[in-house]
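Structure record follows, encoded as C-alpha coordinates.
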Amino acid sequence: LESIRRFNPDIIYLQDELNTSLHQEVLNLKQELKCKVVSFFWENIFAPAPEIKSLLKEFDLLVCGNRNSVILLKDYNLKYTILPQVGIDVNLFKPKLANKDINVLYIGRDTPEKGLALIKEAYKDVAIASNLSYEKIPEMLNRAKIFVSFPYFNGVWAEQSMGYTLAEAAACELPIITSNCGAIYEYWNRCNGVIIIDQRDTYKLQESIKSLLQDEKTRTFFGKENRKFVQDNFSNEVVAKKLIKIFQGL
(Lines of atoms letter the chains of each structure in order from A; the text may use other names.)
(Lines give C-alpha, C1' and ligand atoms only; values in the text may rest on other atoms or scores of the structure.)
Protein backbone atom coordinates (compact mmCIF):
# COMPACT_ATOMS: atom_id res chain seq x y z
CA LEU A 28 0.00 0.00 0.00
CA GLU A 29 2.91 2.34 0.62
CA SER A 30 3.98 1.99 -3.00
CA ILE A 31 0.46 2.98 -4.06
CA ARG A 32 0.68 6.07 -1.84
CA ARG A 33 4.00 7.05 -3.40
CA PHE A 34 2.64 6.58 -6.92
CA ASN A 35 -0.49 8.57 -6.03
CA PRO A 36 -2.67 7.20 -8.86
CA ASP A 37 -5.81 8.76 -10.29
CA ILE A 38 -7.39 5.30 -10.66
CA ILE A 39 -6.73 1.97 -8.97
CA TYR A 40 -7.94 -1.09 -10.91
CA LEU A 41 -8.29 -4.26 -8.84
CA GLN A 42 -8.42 -7.77 -10.27
CA ASP A 43 -8.93 -9.95 -7.23
CA GLU A 44 -11.80 -11.68 -5.44
CA LEU A 45 -14.08 -9.09 -3.86
CA ASN A 46 -14.00 -10.74 -0.44
CA THR A 47 -10.26 -10.26 0.05
CA SER A 48 -8.79 -7.76 2.50
CA LEU A 49 -7.03 -6.02 -0.41
CA HIS A 50 -10.29 -4.49 -1.62
CA GLN A 51 -11.12 -2.99 1.74
CA GLU A 52 -7.59 -1.67 2.20
CA VAL A 53 -7.63 0.00 -1.22
CA LEU A 54 -11.07 1.48 -0.60
CA ASN A 55 -9.70 2.98 2.61
CA LEU A 56 -6.96 4.58 0.51
CA LYS A 57 -9.56 6.00 -1.86
CA GLN A 58 -10.52 8.74 0.57
CA GLU A 59 -6.94 9.52 1.44
CA LEU A 60 -5.71 9.75 -2.17
CA LYS A 61 -8.91 11.17 -3.64
CA CYS A 62 -8.73 8.59 -6.43
CA LYS A 63 -11.20 6.37 -8.25
CA VAL A 64 -11.35 2.64 -7.55
CA VAL A 65 -12.42 0.09 -10.14
CA SER A 66 -12.74 -3.67 -9.69
CA PHE A 67 -13.17 -6.62 -12.02
CA PHE A 68 -16.19 -8.85 -11.36
CA TRP A 69 -16.40 -12.27 -13.03
CA GLU A 70 -19.01 -14.14 -10.98
CA ASN A 71 -21.77 -15.47 -13.25
CA ILE A 72 -23.77 -17.82 -11.04
CA PHE A 73 -24.01 -16.64 -7.45
CA ALA A 74 -25.04 -13.18 -6.30
CA PRO A 75 -22.53 -11.29 -4.13
CA ALA A 76 -22.40 -12.45 -0.52
CA PRO A 77 -24.23 -10.22 2.00
CA GLU A 78 -21.00 -9.16 3.68
CA ILE A 79 -19.68 -7.50 0.52
CA LYS A 80 -22.88 -5.77 -0.61
CA SER A 81 -21.93 -2.53 1.12
CA LEU A 82 -18.43 -2.84 -0.34
CA LEU A 83 -19.75 -2.87 -3.91
CA LYS A 84 -21.28 0.58 -3.57
CA GLU A 85 -17.87 2.06 -2.85
CA PHE A 86 -16.50 1.29 -6.31
CA ASP A 87 -16.64 3.92 -9.01
CA LEU A 88 -16.97 1.21 -11.65
CA LEU A 89 -17.19 -2.57 -11.94
CA VAL A 90 -15.73 -4.21 -15.03
CA CYS A 91 -17.89 -7.30 -15.59
CA GLY A 92 -16.53 -10.29 -17.45
CA ASN A 93 -19.89 -11.41 -18.81
CA ARG A 94 -23.56 -10.43 -19.08
CA ASN A 95 -24.60 -12.76 -16.26
CA SER A 96 -22.37 -10.75 -13.94
CA VAL A 97 -24.42 -7.68 -14.83
CA ILE A 98 -27.67 -9.55 -14.10
CA LEU A 99 -26.36 -10.52 -10.65
CA LEU A 100 -25.63 -6.85 -9.94
CA LYS A 101 -28.92 -5.44 -11.25
CA ASP A 102 -30.29 -4.54 -7.79
CA TYR A 103 -27.23 -2.53 -6.76
CA ASN A 104 -27.54 0.50 -9.02
CA LEU A 105 -23.86 0.34 -9.89
CA LYS A 106 -21.89 1.72 -12.80
CA TYR A 107 -20.50 -1.12 -14.89
CA THR A 108 -19.05 -2.09 -18.25
CA ILE A 109 -18.47 -5.48 -19.89
CA LEU A 110 -14.94 -6.34 -20.99
CA PRO A 111 -12.54 -9.30 -20.90
CA GLN A 112 -10.29 -9.31 -17.85
CA VAL A 113 -7.22 -9.00 -20.09
CA GLY A 114 -6.49 -9.20 -23.80
CA ILE A 115 -4.48 -11.60 -25.93
CA ASP A 116 -0.93 -11.01 -27.16
CA VAL A 117 -1.47 -11.55 -30.89
CA ASN A 118 2.27 -11.19 -31.51
CA LEU A 119 2.99 -14.17 -29.26
CA PHE A 120 -0.03 -16.15 -30.39
CA LYS A 121 0.16 -16.16 -34.18
CA PRO A 122 0.27 -18.73 -36.98
CA LYS A 123 3.65 -20.25 -37.76
CA LEU A 124 4.75 -22.86 -40.25
CA ALA A 125 4.80 -26.18 -38.44
CA ASN A 126 4.20 -29.85 -39.01
CA LYS A 127 0.49 -30.37 -38.28
CA ASP A 128 1.04 -33.67 -36.46
CA ILE A 129 -1.81 -33.20 -33.96
CA ASN A 130 -5.35 -33.72 -35.19
CA VAL A 131 -7.26 -32.57 -32.13
CA LEU A 132 -5.75 -30.55 -29.27
CA TYR A 133 -7.03 -29.70 -25.81
CA ILE A 134 -5.15 -27.30 -23.51
CA GLY A 135 -6.41 -26.71 -19.99
CA ARG A 136 -7.15 -28.16 -16.58
CA ASP A 137 -8.00 -31.85 -16.35
CA THR A 138 -11.09 -31.39 -14.19
CA PRO A 139 -14.54 -32.88 -14.91
CA GLU A 140 -16.30 -29.60 -15.70
CA LYS A 141 -13.76 -28.82 -18.44
CA GLY A 142 -15.22 -31.73 -20.40
CA LEU A 143 -12.03 -33.59 -21.26
CA ALA A 144 -13.74 -36.96 -20.71
CA LEU A 145 -16.43 -35.91 -23.19
CA ILE A 146 -13.80 -34.90 -25.74
CA LYS A 147 -12.12 -38.30 -25.35
CA GLU A 148 -15.48 -39.96 -25.85
CA ALA A 149 -15.88 -38.11 -29.14
CA TYR A 150 -12.27 -38.48 -30.28
CA LYS A 151 -10.08 -40.93 -28.40
CA ASP A 152 -6.72 -39.71 -29.73
CA VAL A 153 -7.00 -36.13 -28.51
CA ALA A 154 -3.67 -34.54 -27.56
CA ILE A 155 -3.74 -33.08 -24.03
CA ALA A 156 -1.56 -30.34 -22.59
CA SER A 157 -2.48 -29.54 -18.99
CA ASN A 158 0.82 -28.36 -17.50
CA LEU A 159 2.48 -26.58 -20.38
CA SER A 160 4.59 -23.48 -19.77
CA TYR A 161 3.00 -20.35 -21.23
CA GLU A 162 5.85 -19.74 -23.68
CA LYS A 163 5.40 -23.20 -25.21
CA ILE A 164 1.66 -22.93 -25.81
CA PRO A 165 1.95 -21.15 -29.22
CA GLU A 166 4.26 -23.90 -30.50
CA MET A 167 1.82 -26.59 -29.40
CA LEU A 168 -1.15 -24.76 -30.92
CA ASN A 169 0.60 -24.41 -34.27
CA ARG A 170 1.05 -28.17 -34.45
CA ALA A 171 -2.70 -28.78 -34.25
CA LYS A 172 -5.35 -29.03 -36.96
CA ILE A 173 -8.31 -28.43 -34.61
CA PHE A 174 -8.65 -26.99 -31.11
CA VAL A 175 -11.41 -28.35 -28.89
CA SER A 176 -12.67 -27.08 -25.55
CA PHE A 177 -15.90 -28.58 -24.21
CA PRO A 178 -16.78 -27.35 -20.69
CA TYR A 179 -20.18 -27.86 -19.07
CA PHE A 180 -22.13 -26.35 -16.19
CA ASN A 181 -21.68 -28.55 -13.12
CA GLY A 182 -24.07 -26.75 -10.75
CA VAL A 183 -21.49 -24.44 -9.21
CA TRP A 184 -19.26 -23.42 -12.14
CA ALA A 185 -19.72 -22.23 -15.71
CA GLU A 186 -17.18 -20.58 -18.00
CA GLN A 187 -16.84 -16.98 -16.78
CA SER A 188 -15.17 -15.36 -19.77
CA MET A 189 -14.18 -15.94 -23.37
CA GLY A 190 -12.11 -18.99 -22.48
CA TYR A 191 -8.57 -17.73 -22.92
CA THR A 192 -7.25 -20.90 -24.51
CA LEU A 193 -9.96 -20.46 -27.16
CA ALA A 194 -8.70 -16.95 -27.90
CA GLU A 195 -5.08 -18.10 -27.99
CA ALA A 196 -5.95 -20.93 -30.37
CA ALA A 197 -8.00 -18.57 -32.54
CA ALA A 198 -5.09 -16.12 -32.72
CA CYS A 199 -2.95 -18.98 -34.04
CA GLU A 200 -5.51 -19.51 -36.85
CA LEU A 201 -6.95 -22.75 -35.52
CA PRO A 202 -10.54 -23.76 -36.21
CA ILE A 203 -12.34 -24.26 -32.92
CA ILE A 204 -15.07 -26.50 -31.58
CA THR A 205 -16.49 -25.65 -28.18
CA SER A 206 -19.66 -25.75 -26.06
CA ASN A 207 -22.20 -23.09 -25.14
CA CYS A 208 -21.20 -23.22 -21.46
CA GLY A 209 -21.39 -19.97 -19.51
CA ALA A 210 -20.06 -16.92 -21.32
CA ILE A 211 -18.62 -18.79 -24.31
CA TYR A 212 -21.62 -18.21 -26.57
CA GLU A 213 -21.70 -14.54 -25.56
CA TYR A 214 -18.09 -14.04 -26.62
CA TRP A 215 -17.89 -16.27 -29.71
CA ASN A 216 -21.29 -16.49 -31.41
CA ARG A 217 -20.35 -13.77 -33.93
CA CYS A 218 -17.14 -15.54 -34.97
CA ASN A 219 -17.34 -17.51 -38.22
CA GLY A 220 -14.58 -19.96 -37.35
CA VAL A 221 -15.95 -21.31 -34.07
CA ILE A 222 -18.43 -24.19 -33.94
CA ILE A 223 -20.52 -23.91 -30.76
CA ILE A 224 -22.31 -27.07 -29.62
CA ASP A 225 -24.75 -27.74 -26.80
CA GLN A 226 -23.03 -28.85 -23.60
CA ARG A 227 -22.43 -32.61 -23.31
CA ASP A 228 -23.58 -33.31 -26.89
CA THR A 229 -20.79 -35.75 -27.72
CA TYR A 230 -22.49 -36.97 -30.90
CA LYS A 231 -22.47 -33.50 -32.42
CA LEU A 232 -18.92 -33.00 -31.15
CA GLN A 233 -17.79 -36.22 -32.82
CA GLU A 234 -19.47 -35.31 -36.10
CA SER A 235 -17.98 -31.80 -36.07
CA ILE A 236 -14.46 -33.12 -35.45
CA LYS A 237 -14.85 -35.69 -38.22
CA SER A 238 -16.16 -33.09 -40.66
CA LEU A 239 -13.36 -30.59 -40.00
CA LEU A 240 -10.60 -33.20 -40.17
CA GLN A 241 -11.83 -34.15 -43.64
CA ASP A 242 -12.02 -30.57 -44.91
CA GLU A 243 -8.72 -28.68 -44.97
CA LYS A 244 -10.22 -25.79 -46.95
CA THR A 245 -12.81 -25.11 -44.25
CA ARG A 246 -10.20 -25.44 -41.51
CA THR A 247 -8.07 -22.81 -43.24
CA PHE A 248 -11.03 -20.46 -43.70
CA PHE A 249 -12.13 -20.88 -40.07
CA GLY A 250 -8.60 -20.25 -38.84
CA LYS A 251 -8.21 -16.98 -40.72
CA GLU A 252 -11.63 -15.80 -39.57
CA ASN A 253 -10.70 -16.61 -35.99
CA ARG A 254 -7.45 -14.68 -35.97
CA LYS A 255 -9.11 -11.62 -37.47
CA PHE A 256 -11.88 -11.83 -34.87
CA VAL A 257 -9.36 -11.92 -32.01
CA GLN A 258 -7.33 -9.07 -33.49
CA ASP A 259 -10.47 -6.95 -33.84
CA ASN A 260 -12.01 -7.77 -30.45
CA PHE A 261 -9.66 -9.36 -27.91
CA SER A 262 -6.10 -8.22 -28.60
CA ASN A 263 -4.21 -6.46 -25.81
CA GLU A 264 -4.35 -3.22 -27.78
CA VAL A 265 -8.12 -3.35 -28.33
CA VAL A 266 -8.98 -4.24 -24.74
CA ALA A 267 -6.55 -1.65 -23.35
CA LYS A 268 -7.93 1.14 -25.56
CA LYS A 269 -11.48 0.36 -24.48
CA LEU A 270 -10.45 0.32 -20.83
CA ILE A 271 -8.56 3.61 -21.10
CA LYS A 272 -11.55 5.26 -22.77
CA ILE A 273 -13.79 4.06 -19.95
CA PHE A 274 -11.33 5.26 -17.30
CA GLN A 275 -11.13 8.69 -18.93
CA GLY A 276 -14.89 9.00 -18.51
CA LEU A 277 -14.84 8.42 -14.75
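So the sequence shown is numbered by my numbering: it starts at 28 and just counts up by one.
Backbone N, C-alpha and C fix where the C-beta goes; we use that ideal spot for every residue, glycine too.
query	result
On a Cα-Cα basis, can you pick out the residue from Lys147, Phe274 and Ile115 that is closest to Gly190?	Ile115
Mind checking whether the beta-carbon of Lys141 lies closer than 6 Å to any heavy atom of the ligand PLP?	Ligands displayed in this structure: none; no statement on the ligand PLP is therefore possible.
Run through DSSP, which three-state label would Lys244 get?	helix
Roughly how many angstroms separate the alpha carbons of Glu264 and Ile271, rounded to a whole number?	10 Å
If you follow the beta strand (DSSP E) that Ala171 is in, where does it begin and where does it stop?	Ala171 to Ser176
For Gly250, tell me which candidate among Pro122, Tyr179 and Ala156 has the shortest Cα-Cα distance.	Pro122
Just how far apart, CA to CA, sit Glu136 and Pro178?	Here residue 136 turns out to be Arg, not Glu, going by the sequence shown. Computed Cα separation, rounded: 11 Å.
With DSSP as the reference, identify every bridge partner of Cys91, one or two as the case may be.	Phe68 and Ile109
List the residues that DSSP assigns as beta-bridge partners of Ile115.	Ser262
Using three-state DSSP, classify Leu143 as helix, strand or coil.	helix
Give me whichever residues DSSP pairs with Ala74 in a beta bridge.	Note: Ala74 sits in no beta bridge, so no partner.
Excluding the 5 residues preceding and the 5 following Asp259 in the sequence, name in chain order all residues of the same chain whose CB lies nearer than 8 Å to its CB.	Val265
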